[in-house]
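Notes to accompany the following structure.
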Amino acid sequence: MNIFVNRYFQAAWVLLGLAWAGLIYHLFLLWSGSPDYSSHYVIPLGSCWLIFFHDRERFKSADGGTSLLGYLPLLLGMASIVPAWYILSQVSESTFVFWWLTLGYSLATLSLALCTWGWARTRILFFPILFIFFSLPLPDAIFFSFRTYLQELVTGLATQGLKLSGCEVVRKGFEIHIPSGPLEIVEACSGIRSMTTIPAMAAFVAYYRRFSFGRGVLLFLFSIPIVIFCNTMRIVVTGILQENFGTVVTTGIYHEMLGYGMALLALFITILISNLLATKRTGTQPVIVIPIPEHSPERILSGISCLLIILSSVAASGYLGWKSYSRIWMQDETVSLANLPLKIGEWQGEAQFVDKEISQVLGADQIIRRVYSNPIGHQVHVWVMYWPASSLVKRGHHPEVCLPNRGFKPVSKSVEHLKIGDRQQIVLIEQLFRRENQDQMLHYWTQDGHHFVTEEEVAQQNQLSTSEWILKQFRTTSQQDQVPRIGILIGMPATGPLETTRKTLTKFTVAFARELYNTCPWAVPDGE
1 MNIFVNRYFQ
11 AAWVLLGLAW
21 AGLIYHLFLL
31 WSGSPDYSSH
41 YVIPLGSCWL
51 IFFHDRERFK
61 SADGGTSLLG
71 YLPLLLGMAS
81 IVPAWYILSQ
91 VSESTFVFWW
101 LTLGYSLATL
111 SLALCTWGWA
121 RTRILFFPIL
131 FIFFSLPLPD
141 AIFFSFRTYL
151 QELVTGLATQ
161 GLKLSGCEVV
171 RKGFEIHIPS
181 GPLEIVEACS
191 GIRSMTTIPA
201 MAAFVAYYRR
211 FSFGRGVLLF
221 LFSIPIVIFC
231 NTMRIVVTGI
241 LQENFGTVVT
251 TGIYHEMLGY
261 GMALLALFIT
271 ILISNLLATK
281 RTGTQPVIVI
291 PIPEHSPERI
301 LSGISCLLII
311 LSSVAASGYL
321 GWKSYSRIWM
331 QDETVSLANL
341 PLKIGEWQGE
351 AQFVDKEISQ
361 VLGADQIIRR
371 VYSNPIGHQV
381 HVWVMYWPAS
391 SLVKRGHHPE
401 VCLPNRGFKP
411 VSKSVEHLKI
421 GDRQQIVLIE
431 QLFRRENQDQ
441 MLHYWTQDGH
451 HFVTEEEVAQ
461 QNQLSTSEWI
471 LKQFRTTSQQ
481 DQVPRIGILI
491 GMPATGPLET
501 TRKTLTKFTV
511 AFARELYNTC
521 PWAVPDGE
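Going by full-length UniProt numbering, the residue at position 171 of the sequence shown is 171; the numbering climbs one at a time, nothing skipped.
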């Protein structure tokens, strides 16, 4: 039996499958950029397994047919992905676009199924197709709403758990200090990244066990406390291991293995709860294969129409994406931040490792992180980030986000103008952070080409939601807007008088800026 009815429907499904492959490829790049997404690879595989194996017999035994109602949503779904692919090539804030593309492809897939096989068989595909949404990063509205709450809750619970285990514990912000060293409750450990993985487990188990809608929702709701419990246990176990065996067992592969262990614990708890919710299964019904209607001129015309809709959308998406990428990369200057010298005057630098998660979040093409030391023991920490076009990025590295998560509080902030030449000057933010008896003084600034981005411009940009910002970029960005962006952050621990620290940091910043503009001449500030 030819399940695709005729070769035109078959070609339409192959083409739509290739379009899905393009989206999965971009998601793969996202997943591979952070270990927090390591479990997301399994979700599309789970969808395929449900379609081709688990639901195969149900699909064959369902009534076959066709429906003219599938044409309009197929057209809408495929039309919606054209601007989405274009925008994906324009911006780095891709979460919104990934949801947009997945929604468009899901609508198109279910609509094509409706045209090919009718309602009965299309209904069987609903859950496997919608299950793919669990592989997407959380939308910003959910992510930022829950991030601080979960970090606060998990940090508090883990602190109490470590105290019960006999550890001496001091909490500072989202850091837990035990005798063997600090434990920082970053996003991964707080459970915010598990807010899709563990609920996905619950949804999959509920569907696999044929739960009713009510029991399925109940199991899904149980996944939230499972997220909190498992991530709290992860911190507590990490602290106990660190106390007994040192930090070597809480980093690298050991840390990843602990994360996988907590995922298995979450799956075990989910299955245990599902057993409590399950009812006794009845015997399986015999499978009666209902053939799909024979070829007819109407079915052939239907297949040709679906194929043309999908082909037009894929061709338009490919053309606009290629034009956009070629325009941006033609604007890209030849830049290698690695060429920045390690020796700047009396300061000797040392390259530092940049975590993949940070690179993925910032979306920068190049990031360098260095520590410069002078002969009397002062140290300066330097971050430099480069994007080939300013329109590609909405958020940059901002100390008012990362340092408070580590327990630091802002003390003072001012705009400074530092002369680096006869007519050039840099405009930067000087800010002091304090945590108990520790002070950190920072210099940071962002440039779009020659232009220094002001705090007011950053505030206006941050007031927009990601979707609003992306649509604004889509409407207003022109070829002239595609100037490179560079972000610089220079920090120094204040181990002595603040004025001495300020003078030392200022002197280094001026020297570093001169070397920076030798490497990136397109960013040299305009003269007065």
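Just so it is clear, CB atoms sit at the ideal spot from N, CA and C, and this is done for glycine as well. As the structure is a prediction and not an experimental result, all values here were calculated from the model.
- [ ] Could you tell me the boundaries of the alpha helix (DSSP H) in which isoleucine 240 lies?
- [x] 213-245
Task: Beta-carbon spacing of phenylalanine 131, serine 47 below 8 Å - done: yes
Task: Of the listed residues Ser67, Trp20, Arg58, nearest to proline 44 (C-alpha basis) - done: Trp20
TODO: Compare the C-alpha of tryptophan 322 against each of Leu27, Ser61, Ser89, His40 and name the closest.
DONE: Ser89
Task: With 16 other Cβ atoms within 10 Å as the buried cut-off, status of threonine 251 - done: exposed
- [ ] Find out if the Cβ-Cβ distance for the pair arginine 370, valine 382 is shorter than 8 Å.
- [x] yes
Task: Three-state secondary structure assigned by DSSP to phenylalanine 174 - done: coil
Open item on the list: Looking at the strands, I want to know which residues DSSP matches up with alanine 351.
Closed with: Arg370
Open item on the list: Using the Cβ count rule (16 or more neighbours within 10 Å means buried), how would you classify glutamine 480?
Closed with: Note on glutamine 480: pLDDT 45, under 50, position unreliable in the model; the coordinate value appears next. Exposed.
Task: Sufficient close CB pairs (3 or more, under 8 Å) joining the stretch 372-387 to the stretch 136-151 - done: no
- [ ] Could you pull the start and end residues of the alpha helix (DSSP H) that proline 128 belongs to?
- [x] 119-130
Task: Between the CA atoms of tyrosine 517 and valine 248 - distance to the nearest angstrom - done: 40 Å
Open item on the list: Please classify glutamine 463 as buried or exposed, where buried requires at least 16 other C-beta atoms within 10 Å of its C-beta.
Closed with: exposed
Task: Where phenylalanine 512 sits in the DSSP three-state scheme - done: helix
Open item on the list: Which of the three DSSP states is assigned to valine 453 in this structure?
Closed with: coil
Task: Minimum C-alpha distance to isoleucine 81 - residue among Leu68, Pro128, Leu23, Trp31 - done: Leu23
- [ ] State the start and end residues of the unbroken beta strand (DSSP E) segment that holds residue 559.
- [x] The chain is shown from 1 up to 528; residue 559 falls before or after that span and cannot be answered.
Task: Those residues which DSSP pairs with glutamine 431 across a bridge - done: Lys413, Leu442
TODO: Report buried or exposed for leucine 69, applying the criterion of at least 16 other Cβ atoms within 10 angstroms of its Cβ.
DONE: exposed
- [ ] Check whether the Cβ atoms of leucine 219 and alanine 206 sit closer than 8 Å, and answer yes or no.
- [x] yes
Task: Pairwise C-alpha distance: glycine 496 and residue 559 - done: With the chain represented from 1 up to 528, any question about residue 559 goes unanswered, as that position is not in the structure.
Open item on the list: Going by C-alpha to C-alpha distance, which of Ala158, Cys167, Glu416 sits closest to residue 582?
Closed with: Examination of residue 582 is not possible in this model, given that the chain is present from 1 through 528 alone.
Open item on the list: So, does the stretch 261-273 touch the stretch 227-239, judging by three or more C-beta pairs under 8 Å?
Closed with: yes
Task: Per-residue DSSP class, three states only, for proline 493 - done: strand
Open item on the list: Using only CA atoms, which one of Ser165, Asn6, Trp522, Arg502 lies nearest to asparagine 244?
Closed with: Ser165
TODO: Could you tell me the distance, in whole angstroms, from the CA atom of lysine 419 to the CA atom of threonine 454?
DONE: 18 Å
Open item on the list: Within 10 Å of its beta-carbon, does alanine 84 have 16 or more other beta-carbons around it, so buried, or fewer, so exposed?
Closed with: buried
TODO: Using the Cα positions of leucine 342 and isoleucine 368, report the straight-line distance between them to the nearest angstrom.
DONE: 11 Å
TODO: Take leucine 432 as the anchor and find which of Ala494, Gly156, Leu272 has the nearest alpha-carbon.
DONE: Ala494
Open item on the list: In this structure, how does DSSP classify residue 557 when only helix, strand and coil are distinguished?
Closed with: This structure does not reach residue 557, given that the chain is present from 1 up to 528, and the question cannot be answered.
Task: Start-to-end residues for the beta strand (DSSP E) that takes in histidine 381 - done: 379-387
Open item on the list: For isoleucine 426, list the residues DSSP reports as bridge partners.
Closed with: Leu418
- [ ] Work out the CA separation of arginine 58 and valine 287 for me, nearest whole Å.
- [x] Low local confidence applies: a pLDDT of 46 at valine 287 is under 50, so the model's placement there is unreliable, with the coordinate-based value given in what follows. So the two alpha carbons sit approximately 7 Å from each other.
Task: Where the alpha helix (DSSP H) containing arginine 58 begins and where it ends - done: 56-61
Open item on the list: Just to confirm my understanding: we take isoleucine 290, look at its own chain, exclude 5 residues before and 5 after, and list those with CB closer than 8 Å. What are they?
Closed with: Confidence at isoleucine 290 is low in this model, with a pLDDT of 48, below 50, so the placement of that residue should be treated as unreliable; the coordinate-derived value is given next. Excluding positions up to five away in sequence, the list reads Lys60, Ser61, Ala62, Asp63, Gly64.
TODO: Taking leucine 489 and proline 399 to be in contact with their CB atoms under 8 Å, please state how far apart those CB atoms are, rounded to whole angstroms.
DONE: 7 Å
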